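Enquirer: Each protein sequence line maps, in turn, to chains E and H.
Using numbering that gives the first Met the number 0, you'd call the opening residue of the first sequence number 0 and step up by one each time.
Using numbering that gives the first Met the number 0, you'd call the opening residue of the second sequence number 0 and step up by one each time.
Think of the CB as a built atom: it goes at the ideal place given N, C-alpha and C, for glycine as much as any other residue.
Quick caveat: nothing in here was measured; it's all calculated off a predicted structure.
There are 2 protein chains.
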Amino acid sequence: MSKAEPALEDTATTAVDNILLAAEILFAERGFDGTGMKAIAQEAQVSQALLHYHFGTKEQLYVEVISRRSKKINDERHALLDCVDTESSTAVREILEALFRPPLGPAGGAEPYAKIFSGLVVGRERDQQLVRSCYDPTAQRFIAKLQQAIPGTDQATAAMSYTLALGSLITVINRNGRVERLMGKQDKAALDTEEILRKLVDFTEGGITALTKA
Amino acid sequence: MSKAEPALEDTATTAVDNILLAAEILFAERGFDGTGMKAIAQEAQVSQALLHYHFGTKEQLYVEVISRRSKKINDERHALLDCVDTESSTAVREILEALFRPPLGPAGGAEPYAKIFSGLVVGRERDQQLVRSCYDPTAQRFIAKLQQAIPGTDQATAAMSYTLALGSLITVINRNGRVERLMGKQDKAALDTEEILRKLVDFTEGGITALTKA
DNA sequence: ATGCCTTGACTGATCGATCAGTTAGTGTAT
DNA sequence: ATACACTAACTGATCGATCAGTCAAGGCAT
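Spelled out as structure tokens, the structure:
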């Protein structure tokens with residue numbers, strides 16, 4: 000009993016984890032400039048000074064939130080992508096599913112991050128270097144895999160395909176209710192994630208086919 | 000000569016116009032929370048108090064910037080959309096071009112707004128009501144036109160097509176250089192607007208075809 | 001001289017960041 | 001075992017800077 004055993008620490012999270020979680024939620028809801036260190040500290044139920052003690056500056060905390068979450072997402076993407084057989088007739092669909100499913104958050108708990116993720120795609124200057132370091136390497140892997148799956152596709156076309164497909168994702172990842180509103184749905188129920196994913200893959204596969212045929 | 004004639008006011012803009020232009024630029028670069036009224040006043044070369052005199056609050060100034068620019072964009076969209084013959088074989092392509100070309104900014108001067116436009120699509124709570132009032136009516140017109148052009152398409156499918164197509168737009172409207180970077184372009188020249196527009200229409204038309212066939 | 005613009009000066013509030021100081025745990029010499 | 005030294009974790013108080021917004025007064029047409 001002399002040692003603390005981290006194995007059984009279930010809900011008893013550490014202060015650092017509390018801060019990261021609180022920061023992720025608030026950054027997602029209000030953006031970087033809209034979120035105060037005081038609000039994060041209150042949400043995490045720690046003192047504001049502790050945030051600076053652990054992360055230095057607000058910007059470094061922001062970087063930490065994004066780099067950690069992006070690592071989880073991209074690790075999951077890589078695992079799915081490596082399973083794709085580029086010779087298969089459904090290769091493109093599988094590649095797209097590997098691209099879309101992890102950020103759509105089937106592995107629980109990534110929902111608040113979705114807004115940050117979307118924001119990065121259209122991001123300001125601050126975010127662009129983050130995208131470069133956290134997402135560009137993975138993007139290059141997807142682009143290369145697309146070129147393998149569709150013979151005769153140059154990097155420019157594959158990169159454009161990747162970019163446009165990613166754009167389609169971010170309009171449905173947000174879950175702001177606009178799609179349902181434009182659909183004229185009477186039942187207020189949100190769309191099912193699997194259904195969205197299927198339509199997303201249908202749409203982007205059709206788009207890529209059109210682009211690479213042209 | 001007793002009246003001010005707005006016809007010949009070329010570069011001699013009014014203070015209100017200067018404020019709106021400065022606000023648009025800064026809101027686009029730094030976002031709502033990242034932009035201070037002092038910075039807008041300096042950019043517009045007027046006093047900070049004048050901003051509050053003309054627009055009341057920062058939020059009202061923001062609304063004014065977006066509602067004015069969105070009106071121009073959507074007026075242009077409506078004009079193009081009304082010219083589309085839904086019986087034509089190229090109807091979908093023409094509809095998509097009507098959707099994409101105005102915000103891509105061929106009519107000069109809309110470039111800084113592109114970042115605001117993108118931000119609205121993935122927007123926070125504040126922006127969602129703005130999207131509803133400024134863009135939803137136009138969106139419904141495009142969705143209805145799509146249903147006319149592709150017989151047998153229900154509103155849900157057309158709305159999903161519209162949403163996904165719009166997502167593709169916002170990744171290329173930003174011009175943050177990522178597409179060129181992922182393409183591995185040696186020449187630092189940015190992509191031509193007309194070329195981007197063509198690929199965008201190719202991609203989204205293929206996607207919509209896939210969605211409506213399914 | 002009346003009414004619309006425009007301004008400098010200013011307010012209280014909130015921002016991110018820093019500080020000295022407290023607590024708890026750990027190793028170490030006696 | 002006991003006393004001491006050192007460190008990581010954490011906090012309350014407070015800093016200067018900046019925030020959006022206010023106000024009385026000046027300029028300047030008609």
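Scan the region 122-204 of chain H and note each continuous alpha helix (DSSP H) run of 4 residues or more that stays entirely inside, going in chain order.
Expert: Entirely contained in the region 122-204 of chain H, the alpha helix (DSSP H) runs reaching 4 residues are, in chain order, 124-133, 135-148, 154-172, 177-182.
Enquirer: Roughly how many angstroms separate the alpha carbons of G206 (chain E) and L95 (chain E), rounded to a whole number?
Expert: So the alpha carbons of these two residues sit roughly 12 Å apart.
Enquirer: Under 7 Å Cβ to Cβ from A27 (chain E), same chain only, skipping five residues before and after it: list those, please.
Expert: Taken in chain order, the residues that qualify are P111, Y112, K114, I115.
Enquirer: Since A209 (chain H) and D201 (chain E) are thought to touch, with beta carbons under 8 Å apart, how far apart are those beta carbons, to the nearest angstrom?
Expert: At roughly 5 Å, the Cβ-Cβ gap stays under 8 Å, so A209 (chain H) and D201 (chain E) are in contact.
Enquirer: Answer yes if the region 125-134 of chain H comes into contact with the region 63-74 of chain H, meaning at least three C-beta pairs across the two stretches below 8 Å, and no otherwise.
Expert: Yes, since at least three Cβ pairs between the region 63-74 of chain H and the region 125-134 of chain H fall closer than 8 Å, the two stretches touch.
Enquirer: Is there at least one Cβ from chain E nearer than 9 Å to S117 (chain H)'s Cβ?
Expert: Yes - at least one Cβ of chain E is within 9 Å of the one on S117 (chain H).
Enquirer: Can you find a CB in chain H that lies within less than 9 Å of the CB of A213 (chain E)?
Expert: So, interface residue.
Enquirer: Verify the CB distance criterion: does S132 (chain H) have a CB-CB separation below 9 Å to chain E?
Expert: No, its Cβ sits nowhere closer than 9 Å to a Cβ of chain E.
Enquirer: Would you call the region 76-88 of chain E and the region 158-176 of chain E in contact, with 3 or more CB pairs under 8 Å?
Expert: They do not touch, by the three-pair rule.
Enquirer: Could you compute how far the alpha carbon of A138 (chain E) sits from the alpha carbon of V120 (chain E)?
Expert: If I take the Cα positions, the gap works out to 12 Å.
Enquirer: Out of H:G30, H:L50, H:T34, H:K37, state which residue places its alpha-carbon closest to the alpha-carbon of I18 (chain H).
Expert: Measuring from the Cα of I18 (chain H), the nearest candidate turns out to be H:L50.
Enquirer: Under a CB-based cut-off of 9 Å, is R123 (chain H) close to chain E?
Expert: Yes, its Cβ sits closer than 9 Å to a Cβ of chain E.
Enquirer: Can you give me the C-alpha to C-alpha distance between L196 (chain E) and S69 (chain E), rounded to a whole angstrom?
Expert: C-alpha separation (whole angstroms): 20 Å.
Enquirer: Measure the beta-carbon distance from F54 (chain H) to E42 (chain H) and round it to whole angstroms, keeping in mind my assumption that it falls under 8 Å.
Expert: With 8 Å as the limit, F54 (chain H) and E42 (chain H) do not qualify as a contact, their Cβ atoms being about 15 Å apart.
Enquirer: If contacts are defined as beta-carbon pairs under 8 Å, then A155 (chain H) and M182 (chain E) qualify, I think. What distance do you get, rounded to the angstrom?
Expert: That belief holds up - the Cβ atoms of A155 (chain H) and M182 (chain E) are roughly 4 Å apart, short of 8 Å.
Enquirer: Would you call the CB atoms of T162 (chain H) and T211 (chain H) closer than 9 Å?
Expert: Contact flag unset, no.
Enquirer: Would G183 (chain H) pass as an interface residue toward chain E - the criterion being a Cβ-Cβ separation below 9 Å?
Expert: So yes, G183 (chain H) belongs to the interface.
Enquirer: What residues from chain E crowd round V214 (chain H), counting only those whose CB sits closer than 9 Å?
Expert: In the structure as shown, chain H begins at 0 and stops at 213. Residue 214 (chain H) is therefore absent and cannot be evaluated.
Enquirer: Answer yes or no: do R29 (chain E) and R123 (chain H) have a C-beta to C-beta separation smaller than 9 Å?
Expert: Going by C-beta atoms, R29 (chain E) is nearer than 9 Å to R123 (chain H).
Enquirer: By the 10 Å Cβ neighbour count, where 16 or more other Cβ atoms means buried, how is E58 (chain H) classified, buried or exposed?
Expert: Classification for E58 (chain H): exposed.
Enquirer: Rounded to whole angstroms, what is the Cα-Cα separation between D126 (chain H) and Y61 (chain H)?
Expert: Each residue's Cα considered, the two are about 10 Å apart.
Enquirer: Less than 9 Å between the beta carbons of K198 (chain H) and M36 (chain E), yes or no?
Expert: Not in contact: K198 (chain H) and M36 (chain E) (Cβ atoms no closer than 9 Å).
Enquirer: Just tell me which of H:V83, H:G118, H:L190, H:S88 has its CA closest to the CA of F141 (chain H).
Expert: Checked all of H:V83, H:G118, H:L190, H:S88; the closest Cα to F141 (chain H) is H:V83.
Enquirer: Shorter than 9 Å from the beta carbon of N73 (chain E) to some beta carbon of chain H?
Expert: Not one chain H Cβ lies under 9 Å of N73 (chain E).
Enquirer: Are A14 (chain H) and L25 (chain H) closer than 9 Å when you measure CB to CB?
Expert: In this structure, L25 (chain H) does not lie closer than 9 Å to A14 (chain H) by Cβ.
Enquirer: According to DSSP, is V91 (chain H) helix, strand or coil?
Expert: Here V91 (chain H) sits in helix by DSSP.
Enquirer: Hey, is L196 (chain E)'s beta-carbon within less than 9 Å of any beta-carbon in chain H?
Expert: L196 (chain E) does not count as touching chain H.
Enquirer: Beta-carbon of E58 (chain E) versus every beta-carbon of chain H: anything under 9 Å?
Expert: Output row for E58 (chain E): interface = no.
Enquirer: Hey, does R100 (chain E) have any beta-carbon neighbour from chain H nearer than 9 Å?
Expert: No, its Cβ sits nowhere closer than 9 Å to a Cβ of chain H.
Enquirer: Helix, strand or coil for S46 (chain H)? Go by DSSP, reduced to three states.
Expert: DSSP places S46 (chain H) in coil when its eight states are reduced to three.
Enquirer: Let me know the secondary structure DSSP gives G30 (chain E) once reduced to three states.
Expert: Three-state result, G30 (chain E): helix.
Enquirer: Following the continuous alpha helix (DSSP H) through V83 (chain H), name the residue where it begins and the one where it ends.
Expert: V83 (chain H) -> no alpha helix (DSSP H), and no H or E assigned at all.
Enquirer: Less than 9 Å between the beta carbons of T34 (chain E) and A22 (chain E), yes or no?
Expert: Cβ distance < 9 Å, so T34 (chain E) and A22 (chain E) count as in contact.
Enquirer: By Cβ distance below 7 Å, which residues in the same chain neighbour A148 (chain E) in space, the five residues on each side in sequence not counted?
Expert: Excluding positions up to five away in sequence, the list reads T85, A90, V91, I94.
Enquirer: Quick one: does D201 (chain E) have its CB under 9 Å from some CB of chain H?
Expert: D201 (chain E) counts as touching chain H.
Enquirer: Would G166 (chain H) and T170 (chain E) qualify as a contact pair, given that the criterion is a beta-carbon distance under 9 Å?
Expert: Yes; because the gap between Cβ atoms is below 9 Å, this pair is in contact.
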